[in-house]
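Colleague: Here it is, the structure, as structure tokens.
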């Protein structure tokens, strides 16, 4: 961990939940199904607000900033656009995501129907880990 990140973590009394090994295992876990391409959004420890929307994961970039990720949410639904006049086809991969996270012992909580993997916890946060 670089000194700037360590200083911020100590000053704000953040508790670490994930480490570099666990973030690498998360990549393996979320790439465990050929049918499911994970869409994520995340919040960095320095940011007041998380990214607005969910996007496909680019793992090299994500792993490069992993030490500054406060949390990362995974959308367990695959949406397929079928046309303007037809509703999207939605497939729920919650069971797949849950099983993969359990296989690698990655702690997470469910927040607004999304899987939230916590990098750090703030003093006032106490998620219900699954």
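Numbering (the numbering used here), first residue to last: 74 to 203. Even glycine gets a Cβ: it sits at the ideal position worked out from N, Cα and C. None of the values given here were measured: they were computed from a predicted structure.
Looking at C-alpha atoms only, which residue of 86, 89, 169 is the closest neighbour of residue 101?
Modeller: 169
Colleague: Can you tell me which residues form a DSSP beta bridge with residue 147?
Modeller: 113, 188
Colleague: Under 7 Å, do residue 143 and residue 114 count as touching if we go by C-beta distance?
Modeller: Judged by beta-carbon spacing, residue 114 lies beyond the 7 Å limit of residue 143, meaning their Cβ atoms are not closer than that value.
Colleague: Taking C-beta to C-beta, are residue 130 and residue 111 nearer than 7 Å?
Modeller: yes
Colleague: Applying the 10 Å Cβ sphere with the 16-neighbour rule, what's the burial state of residue 173?
Modeller: Its Cβ being crowded by 16 or more others within 10 Å, residue 173 is buried.
Colleague: Taking all protein chains shown into account, do 16 or more other C-beta atoms lie within 10 angstroms of the C-beta of residue 116, making it buried, or fewer, making it exposed?
Modeller: buried
Colleague: Grab me the residues of residue 119's own chain with a C-beta within less than 8 Å of its C-beta, minus the 5 sequence neighbours each way, in chain order.
Modeller: 81, 141
Colleague: Rounded to a whole number of angstroms, what is the C-alpha to C-alpha distance between residue 160 and residue 106?
Modeller: Their backbone Cα atoms lie some 25 Å apart in a straight line.
Colleague: Considering Cα atoms alone, identify which of 128, 121, 178 is closest to residue 152.
Modeller: 128
Colleague: Quick test of your reading: residue 136 and residue 96, contact by CB under 8 Å. State the CB separation rounded to the nearest angstrom.
Modeller: 6 Å
Colleague: Under the rule that 16 or more other beta-carbon atoms within 10 Å means buried, what is residue 203, buried or exposed?
Modeller: Exposed, since its Cβ has fewer than 16 Cβ neighbours within 10 Å.
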